[in-house]
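Here the structure comes first, spelled out in structure tokens, and everything after it is commentary.
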Amino acid sequence: MSISMRPSQALRLWQQVMLSQVRDGEPDLTMRQTAILLTIYLDPPPHTVRGLAARLNVTKPVITRALDTMGALKLVSRHRDELDKRNVLIRRTVEGALFVERFGDGIVARAHELPI
Numbered sequence: 001m002s003i004s005m006r007p008s009q010a011l012r013l014w015q016q017v018m019l020s021q022v023r024d025g026e027p028d029l030t031m032r033q034t035a036i037l038l039t040i041y042l043d044p045p046p047h048t049v050r051g052l053a054a055r056l057n058v059t060k061p062v063i064t065r066a067l068d069t070m071g072a073l074k075l076v077s078r079h080r081d082e083l084d085k086r087n088v089l090i091r092r093t094v095e096g097a098l099f100v101e102r103f104g105d106g107i108v109a110r111a112h113e114l115p116i
């Protein structure tokens, strides 16, 4: 499905989504953390620190710091790869899946409120 909107509408939608997140008391994620979280939940696993760093074109410490925050919020979990102990696998959690689902629902709801 394709939609057409002007840049000002797209920015208004993004603003309304962000305001909704803040008002609803959802975890306050940075843009980078949100991009990492959505990559973990929308792209098929497995996800590793190394793989996420390459995908987002950032360093591994950047991914690690973001995962520290998201792990504390129980949005993701980390586990050593049993086949290759050098790798850390990032796994989805129930709390994270519910957060991403609410985020998507919020985007749809705010989009319906946009003036035509």
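The sequence shown begins at 1 in UniProt numbering and counts up one residue at a time. Just so it is clear, CB atoms sit at the ideal spot from N, CA and C, and this is done for glycine as well. Note that the structure is predicted; figures quoted are calculated from it, not measured.
Is the separation between the beta-carbon of residue i and that of residue j shorter than 8 Å?
| i | j | result |
| --- | --- | --- |
| glutamine 16 | glutamate 101 | no |
| isoleucine 63 | alanine 53 | yes |
| threonine 48 | asparagine 87 | yes |
| tyrosine 41 | glycine 106 | no |
| methionine 5 | leucine 37 | no |
Relative to the C-alpha of residue i, which candidate in the options has its C-alpha closest?
| i | options | result |
| --- | --- | --- |
| glycine 104 | Arg12, Ser20, Pro7 | Ser20 |
| threonine 30 | Met5, Asp68, Arg12 | Asp68 |
| alanine 35 | Asp84, Glu82, Asn57 | Asn57 |
| isoleucine 90 | Ala109, Arg23, Asp43 | Asp43 |
Pick helix, strand or coil for residue i, following the three-state DSSP scheme.
| i | result |
| --- | --- |
| isoleucine 3 | coil |
| valine 76 | strand |
| arginine 32 | helix |
| threonine 48 | strand |
| leucine 89 | strand |
| threonine 64 | helix |
| leucine 114 | coil |
| threonine 59 | coil |
Leaving out five residues on either side along the sequence, give the residues of the same chain with a beta carbon under 7 Å from the beta carbon of residue i.
| i | result |
| --- | --- |
| tryptophan 14 | none |
Please report the Cβ distance between residue i and residue j, rounded to the nearest whole angstrom; I am assuming they are in contact, meaning their Cβ atoms lie under 8 Å.
| i | j | result |
| --- | --- | --- |
| arginine 92 | valine 76 | 7 Å |
| threonine 39 | arginine 55 | 6 Å |
Within a Cβ cutoff of 8 Å, which residues of the same chain sit near residue i, ignoring the five residues on either side of it in sequence?
| i | result |
| --- | --- |
| arginine 32 | Leu56, Val58, Val62, Ala66 |
Using a Cβ-Cβ cutoff of less than 6 Å, which residues in the same chain neighbour residue i once the five nearest sequence positions on both sides are dropped?
| i | result |
| --- | --- |
| proline 27 | Leu73 |
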